[in-house]
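In UniProt numbering, the protein residues as written are 1 to 1037.
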């Protein structure tokens, strides 16, 4: 201690501040004429005292066996020789004369030294102009208990013509308004408190719950306390470095041992402690407190496991209470007004006013070098006013709640600072939104739509409240049949009410008679284009060979030899080209676009005179097939090139111009997620990149790609952890498409494959000590948890960045709810479809399947029969121009859970035994939507009634015929597809010459009718191969 130096500048400023306050507001010090502060021997059981805090504030050290005496004109110090020597450096800088006296080592001389020391009080009395008594201000509640100076309070009482006043409020007020240096230290302390909670205790809790490992409250608290109190400094320094904290590990210590509570026994007082009971998956309260360079801070959070709606409501009220307190904590406000604001916020909530009796008795307290300063308790009786730069522990909570059949509590505590203007600001940054503190582990749907929070409060009978999820689950295992029937009837009633409400809204919407504007299709736009291959005959290619077909790839034109002349035909007018062999000759058949059908006429340019004579077909024969093969190949390549070009033009024309990305220069909002793969594919299969946050958007960069998408263009975001999947995923759905690798995309997905999709089991060699792969499974679990937490933290940082930098477009990540997922085929492969709050998703599919529930008009269950194991689910959108989405081959056992989910999502559904012809139904609805909803009764008139088997068969037969006709039309326009995959290219194989399209259509219809007459049912009645992926796709599974 002899080598230590005190901060003379801080001592000067703070002592001057103390004297100025004493002179300006003497009533805070009890009207004292003299101030005396005495500290005796050190007591290991006492950590925080106002005496210690005052010494630390003035000198930076706790001074045992030390007495301060403040008169109006000087400061007197009586202490041991070493302490007096240290304070000698403060004499010159002191704003008032500083008089130092060393205690004698001879105990017999000390009483006389004390008497001489206290004579300054008598001198103050004698110098007074009037002969009134002298008021001596002390910290009355903190007398010294031992040591050579312990007798000073008793000696003061014997001074004649004197009175003792409590000056604790004055000392607290003087120390409470922190300077900039002190505020920086408090911020560092708050950052350490957050770190102790987020990086030490919370991950252990999550791991324990995830893996089912039992851990006690004491163990959790002691492990965290050990690191910050007496742990390895190198480990603590590494932790600071990982979290970008530039702090001195030697200045860090615990305010108190962390408090962990769960299992029904809760104490919301600061003096609570962690019990030896095991952690329970219900309400888990965690509080941590860290001191940095003697300045205190703390943070407390409540983590809820499988919370019900009533607990969610109570927690949301608690967040509102905290916000109300922060708003009220302004310069000049009384401490009691903070309490009043909290109670008003509780009363203002219609369903939570009954929580007032179980609210905490105060809303927190002043903190600093002393963790809990009793002079500024935020309760209903405290009339002291708040001042700028005061630091408080704001703590609000509810106790005596009920959850899962036992007692529960909620606590929310933060370190806050009162600023010069505006509401108080948070210094602790631990996440506290409902989604951040709610965990769902094997949760069951309790079916509760609206619960009165008053029923949660314990009134002496723990069985009087509403049943929790666990009790509902146990009852469901007993009753089954009757409860299932009641549940189904309740769902039917809800569906009926929902259908009536939706019908009324539709009638109101379409009764206005407003016509929707229909944008011109791509076919109509292309008809307006002028197609011109050659301006004159002189522009023909020079290397054309007589009596040979020539393909000019540059002009995208085919020159056919006809009667010794060259006939140029632009490739867009060639409908199809087929080749076949017969005998020694090879035949090439070219079908051209010509008027005759509505579809073909629509494909002609608008300026074409359709009254003229058109060539519909050309056939060529050759003994040498090489030129015909070349012609066939080049024509198909040109078709593909034109289709791709038109698609890119259409995509670019429909794009919305984005504002330029504003790069982020603020390190506080600079977050990156590295080594990511992206969908749509960005090039190389293993190419990875980095996703980073910026002022108004996100940027994905890789070796070959730079992709920007703005926050304003993000329609919805999803975070899917790696739980029973191979990847952890962040998925962004966009309002407007963007271009990626010359293709339009309306989503961006980044992911990491945490687990290999396939492994060579036979070739693997495990270590000698891991024959059963236990260590390998453990490593996989650790890797999965690490990536999940990494992505989860990035998602939270993105949310905070958007809220701070672009608040108009803030969003939250939706997490799939795996408990009610179901398998199905939305595209080509069977995947797990997972509901979220706003959508149905299959993010592992390629392309990802995302369907938003707020865009859905109705749902229809097809092929729901007892004889079938699977059914299909069709979603009809509110935009009737959009084709329906069909999810095929859903197992029968998921029927009830899906119907319940749709009911809770306010989606009307209907059930049928057959597949319906949805294009025809939607066409009917679009023709006169007002008549459909107002006169016909809406969807119930088409989907609500049951039909007999004959009607079903007739309806299915019509559907199959129309589907066959549609397939023929689609095949005739096979080259007009905007996008071709490699598999689609392989479909262009040589075809044998056969009957015309009309003959094929008639043959297919006759064959279908014969099959219906023979079997009495359609192929759709069974799980037909036509409904499944191709044989090639099935073999890949």
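Beta carbons: idealized from backbone N, C-alpha and C, even for Gly.
The structure displayed is predicted, hence computed values, not measured ones.
Segments assigned alpha helix (DSSP H), at least 4 residues, entirely inside the region 852 to 902:
For the region 852 to 902, not a single whole alpha helix (DSSP H) run of length 4 or above is found.
Should residue 721 go down as buried or exposed, given a rule of 16 or more other Cβ atoms within 10 Å for buried?
That one is buried.
What are the residues that DSSP puts in a beta bridge with residue 672?
Residue 672 has 692 as its beta-bridge partners, per DSSP.
Can you give me the C-alpha to C-alpha distance between residue 10 and residue 316, rounded to a whole angstrom?
For the pair residue 10 and residue 316, the Cα-to-Cα distance works out to about 43 angstroms.
To the nearest angstrom, how far is it from the Cα of residue 909 to the Cα of residue 729?
Roughly 31 angstroms between the two C-alpha positions.
What is the DSSP secondary structure of residue 106, reduced to helix, strand or coil?
In the three-state DSSP reduction, residue 106 falls in the coil class, being neither helix nor strand.
Output the boundary residues of the beta strand (DSSP E) element that contains residue 295.
Start and end: 295 to 305.
Within the region 771 to 823, note down every full beta strand (DSSP E) run reaching 3 residues or more, in order along the chain.
None, since the region 771 to 823 contains no complete beta strand (DSSP E) of that length.
For residue 59, report the span of its alpha helix (DSSP H) as first-last.
The continuous alpha helix (DSSP H) containing residue 59 extends over residues 50 to 59.
Strand pairing of residue 166, partner residues [DSSP]:
Residue 166 pairs with 138.
Determine the burial state of residue 15: buried for a count of at least 16 other Cβ atoms within 10 Å of its Cβ, exposed for fewer.
Residue 15 should be labelled buried.
Residue 87 by DSSP, collapsed to three states: which one?
Note: residue 87 maps to helix in three-state DSSP.
So what's residue 357 in DSSP terms, helix, strand or just coil?
Reduced to three states, the DSSP call for residue 357 is helix.
Give the DSSP-derived three-state secondary structure of residue 226 in the structure shown.
Helix.
For residue 848, collect the residues of the same chain with a Cβ closer than 8 angstroms to its Cβ; drop the 5 residues on either side in sequence, then sort them by chain order.
For residue 848, where only same-chain residues beyond five positions count, the Cβ hits under 8 angstroms are 679, 731, 747, 749, 841, 842.
To the nearest angstrom, how far is the alpha carbon of residue 813 from that of residue 673?
Between residue 813 and residue 673, the alpha-carbon positions lie close to 16 angstroms from each other.
Can you grab the Cα-Cα spacing for the pair residue 619 / residue 628, in whole Å?
Going by the C-alpha atoms only, they are around 11 angstroms apart.
Just the C-alpha distance for residue 142 and residue 436, rounded to the nearest angstrom, thanks.
Between the alpha carbons of residue 142 and residue 436 lies a distance of about 42 angstroms.
Exposed unless 16 or more other CB atoms sit within 10 angstroms - verdict on residue 79:
Buried: at least 16 other Cβ atoms inside 10 Å.
Taking its Cβ as the centre, do 16 or more other Cβ atoms sit within 10 Å of residue 281, making it buried, or is it exposed?
Buried: at least 16 other Cβ atoms inside 10 Å.
Apart from the five residues on each side of it in sequence, which residues of its chain come closer than 6 angstroms, Cβ to Cβ, to residue 287?
Excluding the 5 residues flanking it on each side, residue 287 has same chain C-beta neighbours closer than 6 angstroms at 259, 300, in chain order.
Contact the region 192 to 204 vs the region 311 to 329: 3+ CB pairs below 8 angstroms:
With a cut-off of 8 angstroms, the region 311 to 329 and the region 192 to 204 do not count as touching, because too few Cβ pairs lie within range.
Run through DSSP, which three-state label would residue 1054 get?
An answer regarding residue 1054 cannot be provided, because it is not within the stretch 1 to 1037 covered by the chain.
How would you call residue 137, buried or exposed, if buried means at least 16 neighbouring beta carbons within 10 angstroms?
Classification for residue 137: buried.
Which term fits residue 332, buried or exposed, when burial requires 16 or more other beta carbons within 10 angstroms of its beta carbon?
With fewer than 16 Cβ atoms within 10 Å of its Cβ, residue 332 is classed as exposed.
DSSP state of residue 9, grouped into three classes?
Helix.
Enclosing alpha helix (DSSP H) for residue 1039 [first to last residue]:
Outside the shown range of the chain, which is 1 to 1037, sits residue 1039, and nothing can be said about it.
Three-state secondary structure (DSSP) at residue 18?
Helix at residue 18.
CB-CB length for residue 428 against residue 193, believed under 8 angstroms:
That pair is a contact at about 6 angstroms.
Given 8 angstroms, three or more beta-carbon pairs between the region 48 to 67 and the region 146 to 156:
These segments touch.
Length at least 4, wholly inside the region 196 to 269: the alpha helix (DSSP H) runs in chain order
Counting whole runs of 4 or more residues, the region 196 to 269 contains the alpha helix (DSSP H) stretches 202 to 211, 217 to 229, 233 to 242.
Assuming residue 871 and residue 853 make a contact with CB atoms under 8 angstroms, what is their CB distance in whole Å?
Not confirmed; about 20 angstroms, so no contact.
Delimiting residues of the alpha helix (DSSP H) encompassing residue 336:
Annotation: the continuous alpha helix (DSSP H) that includes residue 336 extends over 335 to 348.
Rounded to whole angstroms, what's the CA-CA distance from residue 190 to residue 828? Just pull it up for me.
If I take the Cα positions, the gap works out to 52 angstroms.
Could you tell me whether the Cβ atoms of residue 859 and residue 907 are closer together than 7 angstroms?
Cβ atoms of residue 859 and residue 907: closer than 7 angstroms.
For residue 621, which residues in the same chain have their Cβ closer than 6 angstroms to its Cβ, ignoring the five residues on either side in sequence?
So the list reads 585, 587, once near-sequence residues are dropped.
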